[in-house]
């Protein structure tokens, strides 16, 4: 099936959940926020949130930094 990942079409298997998607794109061990169809998904729900055809998924990585 096709989802829209950060504005780009992405082919994934049917019944892919957010945890699996993050493994596919090598972000499973990163600090990040995930939004599906404009709804933020808590990390505790990644494994139980199954993606559907044409879902819009936005992933934003947390980047450390700041002034010293």
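Numbering (my numbering), first residue to last: -9 to 58. Ideal Cβ positions, reconstructed from N, Cα and C, are used throughout, including at glycine.
Out of the options, point me to the one whose CA is closest to residue i's CA.
i          : options        : result
residue 8  : 53, -1, -3, 42 : 42
residue 27 : 49, 1, 2, 53   : 49
residue -5 : 21, 11, 52, 4  : 11
Report the CB separation of residue i from residue j in whole angstroms; it is logged as a contact under 8 Å.
i         : j          : result
residue 1 : residue 15 : Going by Cβ atoms, the distance from residue 1 to residue 15 rounds to 12 Å, so no, they are not a contact pair.
Beta-carbon within less than 8 Å of residue i's beta-carbon, same chain only, minus the 5 sequence neighbours each way: which residues are those?
i          : result
residue 37 : 7, 8, 9
residue 59 : The structure shown does not extend to residue 59, since the chain spans only -9 to 58, so no value can be given for it.
Tell me which residues share the same chain as residue i and place their Cβ nearer than 7 Å to its Cβ, disregarding the 5 neighbours each side in the sequence.
i          : result
residue 20 : 51
Given a cut-off of 9 Å, decide if residue j and residue i are closer than it, judged by their beta-carbon atoms.
i          : j         : result
residue 40 : residue 5 : yes
Within the same chain, show all residues whose beta-carbon is closer than 6 Å to that of residue i, passing over the 5 residues directly before and after it, in chain order.
i          : result
residue 23 : 50
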